[in-house]
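Numbering (this note's numbering), first residue to last: -15 to 202.
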Amino acid sequence: MLRDLSYNKIGRILVTHFEDCPLTSQLNLQSNEIAYIEDGTFANVTYIGNLNLQNNEINDIPMGGTFVNKTLGSVSFGSMQLTSLTTHVFYGLHVSGYLYLNNNQISFIADEAFYDVTVSYDLHLENNGLDTLEGKMFGGTSSADEIHLNDNLIASLPTNVFEDVSANRINLQNNQILEIASTLLSPLTNLRELNMNNNNISSVDDGAFDGLDNLVSM
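See below:
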(Lines of atoms letter the chains of each structure in order from A and count residues from 1; the text may use other names and numbers.)
(Lines give C-alpha, C1' and ligand atoms only; values in the text may rest on other atoms or scores of the structure.)
Protein backbone atom coordinates (compact mmCIF):
# COMPACT_ATOMS: atom_id res chain seq x y z
CA MET A 1 0.00 0.00 0.00
CA LEU A 2 1.32 3.42 -0.98
CA ARG A 3 0.52 6.34 1.29
CA ASP A 4 1.47 9.68 -0.24
CA LEU A 5 0.68 12.67 1.96
CA SER A 6 3.44 14.92 0.68
CA TYR A 7 3.07 18.67 0.10
CA ASN A 8 0.34 19.22 2.67
CA LYS A 9 0.16 21.09 5.97
CA ILE A 10 0.41 18.20 8.43
CA GLY A 11 1.89 19.51 11.68
CA ARG A 12 2.40 16.38 13.79
CA ILE A 13 2.43 12.57 13.63
CA LEU A 14 0.79 10.54 16.39
CA VAL A 15 0.67 6.85 17.33
CA THR A 16 -3.05 6.73 16.55
CA HIS A 17 -2.43 7.69 12.94
CA PHE A 18 -0.87 4.30 12.16
CA GLU A 19 -2.58 1.89 14.57
CA ASP A 20 -4.41 0.16 11.71
CA CYS A 21 -1.61 0.37 9.17
CA PRO A 22 0.62 -2.70 9.64
CA LEU A 23 2.09 -2.69 6.13
CA THR A 24 2.86 0.04 3.62
CA SER A 25 5.25 0.02 0.68
CA GLN A 26 5.91 3.73 0.98
CA LEU A 27 5.03 6.46 3.43
CA ASN A 28 5.72 9.85 1.89
CA LEU A 29 5.30 12.81 4.24
CA GLN A 30 7.83 15.15 2.68
CA SER A 31 7.26 18.90 2.44
CA ASN A 32 4.67 19.27 5.18
CA GLU A 33 4.88 21.34 8.38
CA ILE A 34 5.62 18.42 10.71
CA ALA A 35 7.35 19.57 13.88
CA TYR A 36 6.45 16.69 16.21
CA ILE A 37 6.61 12.89 16.05
CA GLU A 38 5.10 11.08 19.02
CA ASP A 39 7.36 8.43 20.52
CA GLY A 40 6.26 4.98 19.35
CA THR A 41 4.48 6.34 16.30
CA PHE A 42 5.51 3.38 14.13
CA ALA A 43 5.32 0.74 16.87
CA ASN A 44 2.37 -1.04 15.24
CA VAL A 45 3.75 -0.79 11.72
CA THR A 46 5.61 -4.01 10.97
CA TYR A 47 6.97 -2.94 7.59
CA ILE A 48 7.51 0.32 5.74
CA GLY A 49 9.22 0.09 2.37
CA ASN A 50 10.40 3.71 2.30
CA LEU A 51 9.85 6.49 4.84
CA ASN A 52 10.26 10.04 3.57
CA LEU A 53 10.07 12.93 6.04
CA GLN A 54 12.38 15.38 4.31
CA ASN A 55 11.58 19.08 4.12
CA ASN A 56 9.70 19.28 7.39
CA GLU A 57 10.25 21.26 10.60
CA ILE A 58 11.34 18.41 12.88
CA ASN A 59 14.17 19.34 15.26
CA ASP A 60 14.13 16.22 17.40
CA ILE A 61 13.73 12.50 16.71
CA PRO A 62 11.96 10.67 19.56
CA MET A 63 13.70 7.80 21.29
CA GLY A 64 12.16 4.72 22.87
CA GLY A 65 10.07 2.40 20.74
CA THR A 66 9.94 4.44 17.57
CA PHE A 67 12.25 2.26 15.48
CA VAL A 68 12.86 -0.87 17.59
CA ASN A 69 12.96 -3.94 15.33
CA LYS A 70 11.77 -1.92 12.35
CA THR A 71 12.97 -2.85 8.88
CA LEU A 72 12.66 -0.13 6.26
CA GLY A 73 13.83 0.23 2.70
CA SER A 74 15.18 3.78 2.79
CA VAL A 75 14.66 6.54 5.34
CA SER A 76 14.95 10.26 4.71
CA PHE A 77 15.27 12.78 7.51
CA GLY A 78 17.02 15.19 5.16
CA SER A 79 16.44 18.94 4.92
CA MET A 80 14.81 19.34 8.32
CA GLN A 81 15.88 21.26 11.44
CA LEU A 82 17.75 18.57 13.36
CA THR A 83 20.56 19.99 15.50
CA SER A 84 21.82 16.85 17.28
CA LEU A 85 21.50 13.06 17.43
CA THR A 86 21.34 11.53 20.90
CA THR A 87 22.64 8.16 22.09
CA HIS A 88 20.57 5.22 20.77
CA VAL A 89 18.23 7.59 18.91
CA PHE A 90 17.79 5.04 16.10
CA TYR A 91 18.01 1.95 18.31
CA GLY A 92 16.77 -1.17 16.50
CA LEU A 93 16.43 0.47 13.10
CA HIS A 94 17.35 -1.74 10.14
CA VAL A 95 17.58 0.00 6.77
CA SER A 96 18.03 -2.13 3.68
CA GLY A 97 18.70 0.94 1.53
CA TYR A 98 19.79 4.46 2.44
CA LEU A 99 19.58 6.60 5.58
CA TYR A 100 19.50 10.33 4.83
CA LEU A 101 20.29 12.90 7.53
CA ASN A 102 21.86 15.41 5.18
CA ASN A 103 21.07 19.11 4.88
CA ASN A 104 20.15 19.64 8.50
CA GLN A 105 21.81 21.74 11.20
CA ILE A 106 23.38 18.83 13.09
CA SER A 107 26.37 20.03 15.09
CA PHE A 108 26.63 17.14 17.56
CA ILE A 109 26.24 13.36 17.30
CA ALA A 110 26.50 11.49 20.60
CA ASP A 111 28.42 8.28 21.23
CA GLU A 112 26.47 5.24 20.00
CA ALA A 113 23.87 7.34 18.20
CA PHE A 114 23.73 4.51 15.66
CA TYR A 115 23.84 1.65 18.17
CA ASP A 116 22.09 -1.52 16.89
CA VAL A 117 21.46 0.19 13.57
CA THR A 118 21.93 -1.59 10.26
CA VAL A 119 22.33 0.43 7.07
CA SER A 120 22.99 -1.70 4.00
CA TYR A 121 23.99 1.02 1.57
CA ASP A 122 24.64 4.71 2.29
CA LEU A 123 24.61 6.82 5.45
CA HIS A 124 24.28 10.49 4.49
CA LEU A 125 25.42 13.13 6.99
CA GLU A 126 26.70 15.72 4.54
CA ASN A 127 25.86 19.42 4.61
CA ASN A 128 25.41 19.79 8.35
CA GLY A 129 27.31 21.76 10.99
CA LEU A 130 29.51 19.01 12.42
CA ASP A 131 32.82 20.38 13.68
CA THR A 132 34.00 17.28 15.53
CA LEU A 133 33.00 13.62 15.81
CA GLU A 134 32.61 11.64 19.01
CA GLY A 135 34.95 8.66 19.30
CA LYS A 136 32.16 6.11 19.66
CA MET A 137 29.70 7.79 17.32
CA PHE A 138 29.42 4.64 15.20
CA GLY A 139 29.75 2.29 18.18
CA GLY A 140 27.56 -0.82 17.95
CA THR A 141 26.43 -0.19 14.40
CA SER A 142 26.41 -2.50 11.41
CA SER A 143 28.20 -0.08 9.16
CA ALA A 144 26.92 1.32 5.92
CA ASP A 145 28.68 0.57 2.65
CA GLU A 146 29.24 4.30 2.15
CA ILE A 147 29.46 7.09 4.73
CA HIS A 148 29.10 10.69 3.57
CA LEU A 149 30.45 13.32 5.97
CA ASN A 150 31.44 15.86 3.35
CA ASP A 151 30.63 19.57 3.48
CA ASN A 152 30.71 19.94 7.25
CA LEU A 153 33.08 21.85 9.54
CA ILE A 154 35.04 18.87 10.88
CA ALA A 155 38.50 19.88 12.07
CA SER A 156 39.54 16.86 14.12
CA LEU A 157 38.86 13.13 14.01
CA PRO A 158 39.22 11.00 17.16
CA THR A 159 41.54 8.07 16.51
CA ASN A 160 38.80 5.58 17.47
CA VAL A 161 35.94 7.08 15.47
CA PHE A 162 36.08 4.36 12.78
CA GLU A 163 36.58 1.37 15.11
CA ASP A 164 33.20 -0.23 14.26
CA VAL A 165 33.10 0.90 10.64
CA SER A 166 33.40 -1.49 7.70
CA ALA A 167 32.53 0.93 4.89
CA ASN A 168 33.92 0.65 1.38
CA ARG A 169 33.74 4.39 0.74
CA ILE A 170 34.07 7.40 3.04
CA ASN A 171 33.64 10.98 1.86
CA LEU A 172 35.21 13.67 4.05
CA GLN A 173 35.82 16.32 1.42
CA ASN A 174 35.14 20.01 2.04
CA ASN A 175 35.83 19.99 5.77
CA GLN A 176 38.57 21.59 7.88
CA ILE A 177 40.55 18.48 8.86
CA LEU A 178 44.08 19.32 10.01
CA GLU A 179 45.82 15.96 10.33
CA ILE A 180 45.59 12.21 9.75
CA ALA A 181 46.75 10.26 12.80
CA SER A 182 48.62 6.98 12.39
CA THR A 183 45.79 4.80 13.76
CA LEU A 184 42.78 6.74 12.45
CA LEU A 185 42.23 4.65 9.32
CA SER A 186 43.63 1.31 10.47
CA PRO A 187 40.20 -0.27 11.26
CA LEU A 188 39.01 0.43 7.70
CA THR A 189 40.31 -2.76 6.11
CA ASN A 190 37.44 -2.84 3.58
CA LEU A 191 37.97 0.74 2.43
CA ARG A 192 38.23 1.14 -1.33
CA GLU A 193 37.71 4.88 -1.74
CA LEU A 194 38.59 7.75 0.60
CA ASN A 195 37.89 11.36 -0.34
CA MET A 196 39.57 13.99 1.83
CA ASN A 197 40.22 16.72 -0.72
CA ASN A 198 39.66 20.38 0.11
CA ASN A 199 40.56 20.20 3.79
CA ASN A 200 43.35 21.88 5.78
CA ILE A 201 45.55 18.79 6.19
CA SER A 202 49.12 19.74 7.05
CA SER A 203 50.24 16.58 8.87
CA VAL A 204 50.01 12.90 7.94
CA ASP A 205 51.54 10.49 10.45
CA ASP A 206 53.86 7.71 9.33
CA GLY A 207 51.90 4.53 8.67
CA ALA A 208 48.57 6.36 8.35
CA PHE A 209 47.61 4.21 5.36
CA ASP A 210 49.18 0.94 6.44
CA GLY A 211 46.87 -2.06 6.15
CA LEU A 212 44.50 -0.43 3.67
CA ASP A 213 45.15 -3.08 1.05
CA ASN A 214 41.82 -2.54 -0.73
CA LEU A 215 42.20 1.22 -1.13
CA VAL A 216 42.18 2.11 -4.82
CA SER A 217 41.17 5.78 -4.81
CA MET A 218 41.78 8.81 -2.64
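Glycine included, each C-beta is placed from N, C-alpha and C at the ideal position.
Per DSSP, which one or two residues make a beta bridge with residue i?
i     : result
I(-3) : I21
L83   : V59, L107
Q10   : L(-14), N34
S140  : T116
F98   : DSSP lists no partner for F98.
V188  : I164
Less than 8 Å between the C-beta atoms of residue i and residue j, yes or no?
i      : j    : result
L(-14) : S9   : yes
L133   : L172 : no
S68    : I32  : no
T55    : G24  : no
S63    : N39  : yes
Leaving out five residues before and five after residue i in sequence, what residues of the same chain have Cβ atoms less than 8 Å from its Cβ?
i     : result
A165  : L141, T143, D189, A192
V200  : R176, E177
G(-5) : N16, E17, I18, A19, Y20
The ligand GDP and residue i: does the residue's C-beta get closer than 7 Å to at least one heavy atom of that ligand?
i    : result
N179 : What this structure holds is no ligand at all, so the ligand GDP is not there to describe.
Counting C-beta neighbours from all protein chains within 10 Å, is the total for residue i 16 or more, i.e. buried, or is it exposed?
i    : result
Y125 : Just to set this straight, residue 125 is Thr in the shown sequence, not Tyr. When all chains shown are included, T125 counts as buried.
T30  : exposed
Between the alpha carbons of residue i and residue j, how many angstroms are there, rounded?
i     : j    : result
H1    : D100 : 26 Å
I(-3) : T70  : 20 Å
S60   : G195 : 34 Å
A139  : D115 : 6 Å
Going by beta carbon distance, what residues of the same chain come within less than 6 Å of residue i, once the five residues before and after it are set aside?
i   : result
F92 : S68
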